[in-house]
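Participant:
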Amino acid sequence: MPKMKFLLVTDLDNTLVGDDKATQFFNQRLQSMRSQICLVYATGRSHASTCELIAEKQLLAPDYLIAGVGSEIYQDGALDLDWAQYISQNWDKMAIASLAQQFKKLKPQSPQAQNPWKISYFLEPSTEHSSIIQELQQKLTASGLAAQIIFSSNRDVDILPETSNKGNALTYLQKRLQIPSELTLVCGDSGNDISMFEQDVRGVIVANAMSELLAWHREFGGNNHYLARSAGAGGIMEGMAYFWEF
Ligand code: GLC
Ligand code: MG
């Protein structure tokens with residue numbers, strides 16, 4: 003029987019990527035243990051934008067890519083159609099987008115940031131974030147539209163199907179690969195990573211994490227969650243040493 007692999011699921015921006023030296027150092031370490039690890043990148047970026055980042059920062063090729071905050075899963079550049087079909091149930095993108103359009107403080111992100119299962123906006127920095135998001139969620143619920151709103155970095159608002167976020171996407175892969183919780187480690191820095199920490203997995207929060215993730219950790223953090231002392235890729239390495247003695 004082949005030896006069980008470790009499942010490493012990491013966010014990119016401000017987690018694996020951010021400090022080029024730390025990223026390169028981490029990549030070398032990872033390369034030396036590559037055959038023991040199933041490597042997954044979980045990002046808010048689109049597939050195209052992730053490929054650009056991988057090339058620019060010379061990241062290792064992942065086994066799977068969770069893109070668009072969990073709205074898409076790719077393996078070798080091919081979209082996972084089972085996942086697409088699953089999250090399409092009960093998802094009415096047009097109706098949700100037209101409702102969200104009524105909120106003038108929500109500024110649409112670029113067309114490249116949108117996909118069939120992800121509607122993304124920016125909120126102006128000065129606005130009262132939580133009340134707008136609450137109101138949007140209430141209006142969606144009142145209209146019978148199933149969706150979840152994910153707020154990150156005090157700025158980004160993503161509307162996704164209820165079933166799709168980074169956490170659900172990683173659990174879908176973890177089940178398919180049959181990798182147990184103790185061997186699954188997730189790494190992140192911001193609000194769109196919270197759903198990963200909510201799964202039955204180990205998690206490392208890098209030292210440069212955003213306030214929304216730190217607030218989540220203060221309220222819900224447990225023994226499975228490690229707050230790293232180092233930022234970015236250095237924090238991932240700390241977490242791997244802490245949970246896996248790597
Ligand atoms: C990435 C995506 C953006 C999203 C943000 C937070 O920056 O490009 O669309 O809103 O992550 O999830
Ligand atoms: Mg990030």
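Numbered continuously in this note's numbering, the sequence shown closes out at residue 248.
Cβ coordinates follow ideal geometry from the N, Cα and C atoms, glycine included.
Since this is a predicted model, take the numbers as computed values, not measurements.
Please specify which runs of the alpha helix (DSSP H), each continuous and at least 4 residues long, are wholly inside the segment 27-65, giving them in chain order.
Facilitator: DSSP runs (the alpha helix (DSSP H)) wholly in the segment 27-65: 49-58.
Participant: Which value, in whole angstroms, describes the spacing of the CA atoms of P163 and A69?
Facilitator: Taking the straight line joining both Cα atoms gives about 14 Å.
Participant: With H, G and I counted as helix, E and B as strand and the rest as coil, what does DSSP make of D191?
Facilitator: It is coil, neither helix nor strand.
Participant: Give the secondary structure of D84 by DSSP, where H, G and I count as helix, E and B as strand, and everything else as coil.
Facilitator: In the structure shown, D84 sits in a helix (DSSP, three-state: H, G or I).
Participant: Closest to E74 by C-alpha separation, out of Q103, K120, E58 and A233, would be which residue?
Facilitator: If we check each option's Cα against that of E74, K120 comes out closest.
Participant: Would you mind sorting E240 into buried or exposed? The rule is 16 or more other CB atoms within 10 Å of its CB.
Facilitator: By the 10 Å Cβ count, E240 comes out buried.
Participant: Inspect the beta-carbon positions of G234 and N210 and report whether they are closer than 9 Å.
Facilitator: Yes. Within cutoff.
Participant: Can you look up P110 in the DSSP assignment and give me helix, strand or coil?
Facilitator: Strand, per DSSP.
Participant: What did DSSP end up calling S154 once you bin it into helix, strand or coil?
Facilitator: If DSSP states are grouped into helix, strand and coil, S154 belongs with the strands.
Participant: Which partner residues does G20 have in the DSSP bridge list?
Facilitator: According to DSSP, G20 bridges with nothing at all.
Participant: Are at least three pairs of beta-carbons, each pair with one atom in the segment 26-35 and one in the segment 50-65, less than 8 Å apart?
Facilitator: Yes, the segment 26-35 is in contact with the segment 50-65.
Participant: Decide yes or no for the touch test of the segment 94-102 against the segment 179-195: beta carbon pairs closer than 8 Å, at least 3 of them.
Facilitator: The segment 94-102, when compared against the segment 179-195, does not touch it at the 8 Å Cβ threshold.
Participant: At a cut of 8 Å, does the segment 211-230 reach the segment 3-12 through at least three beta carbon pairs?
Facilitator: Taking 8 Å as the limit for Cβ pairs, the verdict is that the segment 3-12 does not touch the segment 211-230.
Participant: Look at the alpha carbon of T52 and the alpha carbon of Q114, and state the distance between them as a whole number of angstroms.
Facilitator: About 12 Å.
Participant: Name the residue from I56, Q180 and D82 whose alpha carbon lies nearest to the alpha carbon of S252.
Facilitator: Beyond the ends of the chain as shown, which are 3 and 248, falls residue 252; an answer cannot be given.
Participant: Given the structure, does G190 come close to ligand 3, in the sense that its CB is under 8 Å from one of the ligand's heavy atoms?
Facilitator: In terms of ligand content, the structure shown lacks ligand 3 and carries ligand 1 and ligand 2 instead.
Participant: Please determine whether the Cβ atom of T17 lies at a distance below 8 Å from any heavy atom of ligand 2.
Facilitator: Result yes, Cβ under 8 Å from ligand 2.
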